[in-house]
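Please read the structure below before turning to the comments.
Numbering (full-length UniProt numbering), first residue to last: 1 to 510.
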């Protein structure tokens, strides 16, 4: 029905245009330009604009705005340039729209040219223009220009503050972002969401959670965007109890979950290993998109259930969704860890036939890992030789991982030397080769590798684990004694070890 109405409106506009031409009246040309633009009839709008006897900024801005709305950003910039050449002075809305187009295009040079025009016309202190310019610089990562622009804005509003905060967060200047946030004049939900979401994206997950608590204390009601960021932060640090309380808060605060909140919640429960809860959320998401399907597929894959990942992949295809690169990566990962070699290889071949554009180097590396982990080294080597590009270090590491599992010492030694030719400082390759030799009982080789690592000044990153107790996460490193309850922990471990040593092996049940 909507396309039909749109056509009828377009015909009505064309009829009005014909009447104007027939009567010789040209007083409604600007309105006609705007009408054509609103229907997406850009060729008519542009033709009429070019034929206008009196060009004005209102009509020009209307066409530029319509170009932007229909994602024709290059055309928007081109028309803006033409207006300048014709001597038509842009207003604040023209500049704002043109800046948005250059931001989406990622064209910093156009932005700087627009900045020069803004300064020449004395609009740099205008809060609307300044905020648009600030948003441009912040999103393109030029924080120095963003800070300079902010200082030039007369009485900056919350939009300007939020734009600069985003710029600081994008450039990992977390302290500056928080200092500016503390200064506001007013803090609305948009600015709160910006700083909470920015922290989550930067991996500052605990800070993101703490800011949410402060937001609630300030009496600001969270939105869908708030909870989407919050669930992502909770998932990254796997705090199940805290995440469940956020889920309850979301139910109370939101009338219904949009797809973004639903997807974040699916991923959260998956990363915490609660696949049953993850699927429950998935089943309740009405407007599922490819991200929804990927979240549940990757959730099963990461938790070692490759069969379920494949099952949901088939359901996804029956629902009319095509896989993307994330889908395939999750499937290959799941098949790899479940030992489903043929299934994983079939998924890869299917993608090569139906969706070759989604294939990236990491997918090829997964196939190498899939084949080598199952001991099919000849196939893995042949696959490497037939790659459509030169294999990088990651491919050889995938093959080395298979050698470690199957104790293929000769191949492991050759691959390690190949990796070290590409990156002499790669510690993980030394560690993997050492593990191969130690598993085979070749202790002299192990000692030689460790000696070489010491001579090269290489140090391995200590292992790390964590546990959540009463909504608090406790982190432990190898030989770490910094925890406040270290003495009690070691005493308990010693008592446990003593209990094990006092019992005969047959009495131990696992």
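For glycine and all other residues, C-beta sits at the position ideal for the given N, C-alpha and C.
- At the C-beta level, residue 295 and residue 267 come within 8 Å of one another.
- Contact fails between the stretch 349-357 and the stretch 368-375, because fewer than three Cβ pairs, one in each stretch, are under 8 Å apart.
- Nearest C-alpha to residue 243 among 476, 256, 437 and 277: 277.
- DSSP, read as helix, strand or coil, puts residue 321 in coil.
- Assigned with DSSP and collapsed to three states, residue 467 falls in strand.
- Separation of residue 208 and residue 124 (C-alpha to C-alpha, rounded to the nearest whole angstrom) is 33 Å.
- Assignment of beta-bridge partners to residue 154 by DSSP yields no partner.
- By the neighbour-count criterion, in which a residue is buried when 16 or more other Cβ atoms sit within 10 angstroms of its Cβ, residue 270 is buried.
- Distances from the alpha-carbon of residue 118 to those of 245, 94 and 324 put 94 closest.
- Apart from the 5 residues on each side of it in sequence, residue 143 sits with its Cβ closer than 6 Å to the Cβ of 167 and 171 in its chain, given in chain order.
- With three or more CB-CB distances shorter than 8 Å, the stretch 252-259 counts as touching the stretch 218-226.
- In the DSSP assignment, residue 70 falls outside any alpha helix (DSSP H) and carries neither an H nor an E.
- Around residue 211, the same chain offers 192, 195, 196 and 199 as residues with beta carbons nearer than 8 Å, after the five sequence neighbours per side are excluded.
- Between residue 127 and residue 157 a beta carbon distance of about 5 Å is seen, short of the 8 Å cut, so the two are scored as contacting.
- Annotation: the continuous alpha helix (DSSP H) that includes residue 397 extends over 393-406.
- Taking residue 394 as reference, the option from 386, 363, 406 and 414 with the minimal CA-CA separation is 363.
- A buried status is given to residue 404, since no fewer than 16 other beta-carbon atoms sit within 10 Å of its beta-carbon.
- Under DSSP, residue 212 forms no beta bridge with any residue.
- Taking each of 309, 101, 185 and 400 in turn and checking the Cα distance to residue 435, the smallest one comes out for 400.
- The beta carbon of residue 264 is closer than 6 Å to those of 228, 231 and 232 in its chain, skipping five residues each way along the sequence.
- Contact between residue 163 and residue 134 holds: CB atoms are separated by about 4 Å, below the 8 Å threshold.
- Residue 131 and residue 334 have their C-alpha atoms some 46 Å from each other.
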